[in-house]
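Structure record follows, encoded as structure tokens.
There are 2 protein chains.
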Amino acid sequence: MAYRQTALTRKNAEDRRDGLLRAARALVATGGFKAATVAAIADRCQASVGSVYSYFDGRDRLLAEVFRSAAGHEVDVVRAAVTGAGHSAAERLGALIDTFGARALHGRRMAWAMLFEPAGPVIEAERLDYRRSYTAIGEQIISLGLADRQLVPQDPGLASSAVMGAVSEALVGWLRPESPEPSAEEQTRVIDGIREFCFRALGVRAA
Amino acid sequence: MAYRQTALTRKNAEDRRDGLLRAARALVATGGFKAATVAAIADRCQASVGSVYSYFDGRDRLLAEVFRSAAGHEVDVVRAAVTGAGHSAAERLGALIDTFGARALHGRRMAWAMLFEPAGPVIEAERLDYRRSYTAIGEQIISLGLADRQLVPQDPGLASSAVMGAVSEALVGWLRPESPEPSAEEQTRVIDGIREFCFRALGVRAA
DNA sequence: CTGAGCACTGAATCCGGATTCAAAGCTTTG
DNA sequence: CAAAGCTTTGAATCCGGATTCAGTGCTCAG
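Protein chains in written order, with the working numbering: chain A, 777 to 983; chain B, 777 to 983.
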């Protein structure tokens, strides 16, 4: 079952690699990086521990790839939401916060893993990039908003970091694995609250 | 040199325990929790690895104690600053942010370890408490400020978390071990920026 | 002076994974 | 059908610390 003609072998190899990535991703989404041991990943594909190493340069690389692709996707979605959200700084920042917040609250465990779970240096480096992507989006929105005085004068870099921090910290209580799933009302209350907090902080004119 | 009369033995034991705590603390302040291995801690006291275990229930407990005492002290200092800072919400919040920020930027490595360094579950639990202490202080200030309309209506718990997040995230860039020491001007610029951000967010009336 | 009682010592051991690699399974080619 | 060339396998090995504990040193009461 595992071996086809050589013509198909390449495809097969890609499938297998992909399967490992998906397995790892599923494990992370379920139990965080901690749960994605090489053995667990292999198991989930009916593969052997050793074979993992013929597709990846070790666990860290594999998980980094999982992180990267998940992060890339998240950032893309948020960026799309921002782009499709009208031209005022308020609309764009609102889209950023709402989209980010709502998605985090839906894939709670995954979001927690990506944003907060203690992990080794390799993941930590990916995480830094990931957070920076959001900060960069925010910074751009703020800079533009500053240009035509939609916002109160301020350092856009600092403000964007602070926004990201405010959003993360307000969410983390709900994302922690041991905390209970928030009800729909709670979710909107939190996100609305954060949005308003950030709008005030940035001095968004008009509502 | 290590053994006195029994009358003094108790004191001696306390000294030794204390020495280990101090050694651990120094190591954390220098290289983070990661650097505070049992061997390193013991070394620094001319003690043996084994002896550590006659004073503590294992590394985690020892480090948790280090964390707790450092955290307790930090929180005390901040609380004192807040208390001694006049009665307006603005003054108090300003004191909270300034004190916390300035202290973090001075003991950068220690602050980073306590606020951000990835670590095991025991430290993580302590950290949660630590952060909550600050959030509680902030929440109290905000609640009071809300009562006599010094602040815009908002959920004080959420707002306080968001403030803590904004402050942390704005600082973390400067706290990371690999980032360079910020100049005095940079320090005040960051802290001033954060304070203003938070004041706006909370809707502090008057400046 | 002696041995009972503590505290100290650090080499040996344990632990939880990650990583390796010789052996074994398929497939294709000649 | 046999050999060559791949992938796969998973038990053995490695790794970085934490933890243990039999042996040793010191003090003091008797």
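Don't be surprised by glycine CBs; every beta carbon is placed ideally from N, CA and C.
Taking 9 Å as the cut-off, the Cβ atoms of Val804/A and Phe876/A do not count as close. Taking 9 Å as the threshold, the shortest C-beta distance from Val928/A to chain B falls below it. Contact between the region 910-918 of chain A and the region 884-897 of chain A is absent, with fewer than three C-beta pairs closer than 8 Å.
Collapsing the DSSP output to three states places Ala895/A in coil.
With its beta carbon at least 9 Å from every one in chain B, Ser919/A lies outside the interface. The distance from the Cβ of Gly870/A to that of Arg798/A is about 33 Å, inconsistent with a contact at the 8 Å cut-off.
The Cβ atoms of Leu927/A and Gly979/A lie closer than 9 Å to each other. For Pro953/A, no alpha helix (DSSP H) run applies, since DSSP gives it neither H nor E. Shown here, Thr875/A sits in a helix according to DSSP, grouped into three states.
Using a Cβ distance threshold of 9 Å, Phe809/A and Ala895/A count as a contacting pair. Cys974/A belongs to the set of residues whose beta carbon lies under 9 Å from a beta carbon in chain B. Here the alpha carbon of Gly834/A sits roughly 35 Å from the alpha carbon of Ala938/A. By the C-beta criterion, the region 848-868 of chain A is judged to be in contact with the region 919-936 of chain A, since at least 3 inter-stretch pairs fall below 8 Å. Contact check for Ala823/B against Gly848/B fails: the beta carbons are separated by 9 Å or more. Around Gly969/A, the beta-carbon contacts reaching into chain B at under 9 Å are Gln930, Asp931, Leu934, Ala935, Ala938. Residue state for Asp924/A is assigned as coil, using DSSP reduced to three classes. Contact of Gly949/A with chain B by beta-carbon distance below 8 Å involves Ser937. Residue-level contact check: Ser909/A does not touch chain B, since none of the beta carbons of chain B fall below 9 Å from its beta carbon. Residue state for Pro929/A is assigned as coil, using DSSP reduced to three classes. Taken atom to atom, the span from the alpha-carbon of Thr859/B to that of Pro956/B is near 33 Å. Chain B has no Cβ within less than 9 Å of the Cβ of Glu915/A. By the neighbour-count criterion, in which a residue is buried when 16 or more other Cβ atoms sit within 10 angstroms of its Cβ, Leu839/A is buried. Within the same chain, and ignoring the five residues on either side of Arg907/A in sequence, the residues whose Cβ sits closer than 7 Å to its Cβ are Met940.
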